[in-house]
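Trainee: Handing you this structure, nothing more for now.
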């Protein structure tokens, strides 16, 4: 089955429109984050999260535990309230119990350059191109 040039152009323009729409939507998402929709970065790795509100409004300490709402200057002042509590930024906090594999700070970044090659639209476009010529 041979396709005429108009059909090829129709398929190609639909393909380009879909690709450009996806690209624009990704930029809009990145733009929303870049404009400061979440101005506060609370917690610390691996318990970091973004917030619209100041971090002290959350009952979460930077160590990942929860605030006991008791002021302190040292760890021993927190032990009457909880045996494993520690003093973090002048506030008594629980110590989080991490269940599961050890958390590492290693981050892996994958190269997405093969996405274009493995995209089914490219296969279709190349296939149609070879059918026409």
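In mature numbering (1 follows the signal peptide of the UniProt record, and there is no 0), the protein residues as written are -26 to -1, 1 to 107.
Glycine included, each C-beta is placed from N, C-alpha and C at the ideal position.
#1: For residue 36, which of helix, strand or coil comes out of DSSP?
#2: Identify the continuous beta strand (DSSP E) that holds residue 69 and give its terminal residues.
#3: Taking only the alpha-carbon atoms, compute the straight-line gap between residue 61 and residue 37 and give it to the nearest angstrom.
#4: Going by the CB atoms, is the gap between residue 44 and residue 55 shorter than 9 Å?
#5: Could you tell me the boundaries of the beta strand (DSSP E) in which residue 23 lies?
#6: Across which residues does DSSP place residue 15 in a beta bridge pair?
#7: Using only the alpha-carbon positions, how far apart do residue 4 and residue 11 sit?
#8: Run through DSSP, which three-state label would residue 43 get?
#9: Are there 16 or more other CB atoms within 10 angstroms of the CB of residue 109, so buried, or fewer, so exposed?
#10: Just list the residues that DSSP pairs residue 62 with in beta bridges.
Mentor: This is what the structure gives:
#1: Walking along the chain shown from the start, residue 36 turns up at place 62. DSSP places residue 36 outside both helix and strand once states are collapsed to three, so it counts as coil.
#2: Taking the chain shown and counting its residues from 1, one reaches residue 69 at position 95. Premise fails: residue 69 is in no beta strand (DSSP E) and is neither H nor E.
#3: For this step, residue 61 is matched to residue 87 along the chain shown. For this step, residue 37 is matched to residue 63 along the chain shown. Spanning the two alpha carbons is a distance of roughly 10 Å.
#4: For the purposes of this step, residue 55 is taken as residue 81 along the chain shown, with counting starting at 1. For the purposes of this step, residue 44 is taken as residue 70 along the chain shown, with counting starting at 1. Cβ atoms of residue 55 and residue 44: closer than 9 Å.
#5: What you label residue 23 is simply residue 49 of the chain shown in a count that begins at 1. 23 to 25 is the extent of the beta strand (DSSP E) around residue 23.
#6: For the purposes of this step, residue 15 is taken as residue 41 along the chain shown, with counting starting at 1. According to the DSSP secondary-structure assignment, residue 15 is paired through a beta bridge with 24.
#7: If you number the chain shown from 1, residue 4 lands on position 30. If you number the chain shown from 1, residue 11 lands on position 37. Because the pLDDT of residue 4 is 43, which lies under 50, any placement of that residue in the model is unreliable, and the number read from its coordinates should be weighed accordingly. Approximately 11 Å, taken between the alpha carbons.
#8: Here residue 43 is taken as the residue at index 69 of the chain shown, counted from 1. Strand at residue 43.
#9: Residue 109 cannot be examined here, being either before or after the span of the chain that is shown, -26 to 107.
#10: Residue numbering aside, residue 62 sits at position 88 when the chain shown is read from its first letter. Answer by DSSP bridge pairing, in chain order: 65.
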